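Visitor:
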Amino acid sequence: MKIKYPISLKQILLFSFLIILVLGVSTSLVSTLIRADDRIKAEENNLALNSRTAQTVETAFENIKSNTYFLFEAFYAVNDSKQKAALAQSFFRSNQDVLFVSSEETGLLFNPSYEQFSQAVKDFLETPELKNVINSTSSQTNHKTAYFNSEKIFDTPSVVFVYKYGPSNRLHTGIVGFDVQFLTELMSTGSNNASLLADSNAHILINPDFQ
Numbered sequence: 007m008k009i010k011y012p013i014s015l016k017q018i019l020l021f022s023f024l025i026i027l028v029l030g031v032s033t034s035l036v037s038t039l040i041r042a043d044d045r046i047k048a049e050e051n052n053l054a055l056n057s058r059t060a061q062t063v064e065t066a067f068e069n070i071k072s073n074t075y076f077l078f079e080a081f082y083a084v085n086d087s088k089q090k091a092a093l094a095q096s097f098f099r100s101n102q103d104v105l106f107v108s109s110e111e112t113g114l115l116f117n118p119s120y121e122q123f124s125q126a127v128k129d130f131l132e133t134p135e136l137k138n139v140i141n142s143t144s145s146q147t148n149h150k151t152a153y154f155n156s157e158k159i160f161d162t163p164s165v166v167f168v169y170k171y172g173p174s175n176r177l178h179t180g181i182v183g184f185d186v187q188f189l190t191e192l193m194s195t196g197s198n199n200a201s202l203l204a205d206s207n208a209h210i211l212i213n214p215d216f217q
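In this note's numbering, the protein residues as written are 7 to 217.
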């Protein structure tokens with residue numbers, strides 16, 4: 007009697023099927039694990055990148071606050087108007103990203119490159135929200151910096167921040183307009199990652215997609 011399907015052929019087909027099945031399952035598992043690992047690494051890289059970006063932004067803001075504070079102190083110590091004008095010129099020459107500064111000591115000073123926005127800035131300084139921050143004497147806001155998106159005023163990515171300085175019994179208000187174009191370029195790293203800067207009220211201060 008002739009056997010249609012020999013046992014050896016059945017064994018070969020069975021083992022072949024098992025090998026293909028095992029290889030398929032193994033490939034699928036390895037592929038899934040690799041994708042998961044790549045995703046975790048990408049998230050870790052994004053977190054590290056965003057952390058470095060946040061540190062850079064914080065450092066830039068703190069440097070501007072520190073530099074303007076020294077300017078305010080220098081104006082307070084100098085009485086001669088020519089010396090004050092020279093101080094202002096030197097300050098804006100060294101801090102070209104500063105659009106304007108305002109304080110009790112300096113009054114309203116503009117970077118020569120942005121003087122055409124003087125009226126828009128004056129109107130902005132009179133808005134109720136900003137006036138409330140300037141006039142605030144609450145202990146909760148004495149040493150808290152308030153930030154405002156001012157890109158509509160200067161038609162460029164920019165932030166105005168208001169901070170208090172001086173002794174607690176005689177606080178002064180410093181107001182600074184800061185061009186953040188270089189920060190938007192830093193915060194945009196192509197299609198894979200982008201960072202946004204928002205204040206404590208979730209208002210966007212810096213968006214790499216300016217338009």
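Where is the CB? At the ideal position from N, CA and C, for every residue including glycine.
Because the structure is a prediction, the values reported are computed rather than measured.
Taking three-plus beta-carbon pairs below 8 Å as touching, is the segment 170 to 189 in contact with the segment 99 to 119?
Guide: Because the criterion of three Cβ pairs below 8 Å is met, the segment 170 to 189 and the segment 99 to 119 touch.
Visitor: The alpha helix (DSSP H) with S87 in it runs from where to where?
Guide: Start and end: 87 to 100.
Visitor: Quick check on P163: buried or exposed, where buried means 16 or more other Cβ atoms within 10 Å of its Cβ?
Guide: With 16 or more other Cβ atoms within 10 Å, it is buried.
Visitor: Under 8 Å between the Cβ atoms of F78 and T112?
Guide: Against a cut-off of 8 Å, the Cβ pair of T112 and F78 comes out as a contact.
Visitor: With distance defined between alpha-carbon atoms, name the residue in D161, E191, F116, L136 nearest to Y169.
Guide: The candidate whose alpha carbon is nearest that of Y169 is L136.
Visitor: Taking V168 as part of the beta strand (DSSP E), name the residues at either end of that continuous run.
Guide: Element bounds for V168: 164 to 171.
Visitor: Can you tell which of F98, S109, N69, R58 has the C-alpha that lies nearest to the C-alpha of Y171?
Guide: The shortest C-alpha separation from Y171 is found at S109.
Visitor: DSSP on L77, reduced to helix/strand/coil?
Guide: Three-state DSSP puts L77 in a helix.
Visitor: First and last residue of the beta strand (DSSP E) that includes F154?
Guide: That run of the beta strand (DSSP E) goes 152 to 155.
Visitor: May I have the straight-line CA-CA distance separating H209 from T151, to the nearest angstrom?
Guide: Between H209 and T151, the C-alpha separation is close to 14 Å.
Visitor: For K71 and E64, I'd like the C-alpha separation in whole angstroms.
Guide: When rounded, the distance between both Cα atoms is 11 Å.
Visitor: Less than 8 Å between the beta carbons of L192 and T74, yes or no?
Guide: It is not a contact, given that the beta carbons lie outside the stated cut-off.
Visitor: Pull up the distance between the alpha-carbon of V165 and that of Y82, whole angstroms please.
Guide: So the alpha carbons of these two residues sit roughly 26 Å apart.
Visitor: Going along the chain, which residues of its own chain have a beta-carbon closer than 7 Å to the beta-carbon of N175, five neighbours each way excluded?
Guide: Correct list: empty, nothing qualifies.
Visitor: What residue range is occupied by the uninterrupted alpha helix (DSSP H) comprising S124?
Guide: From DSSP, the alpha helix (DSSP H) with S124 extends over 124 to 131.
Visitor: My output table needs one value for S2: the three-state DSSP class, helix, strand or coil.
Guide: Here the chain covers residues 7 to 217 and nothing more, so residue 2 does not appear.
Visitor: Assign F76 to one of two classes, buried (16 or more other C-beta atoms within 10 Å of its C-beta) or exposed (fewer than that).
Guide: Exposed: under 16 other Cβ atoms inside 10 Å.
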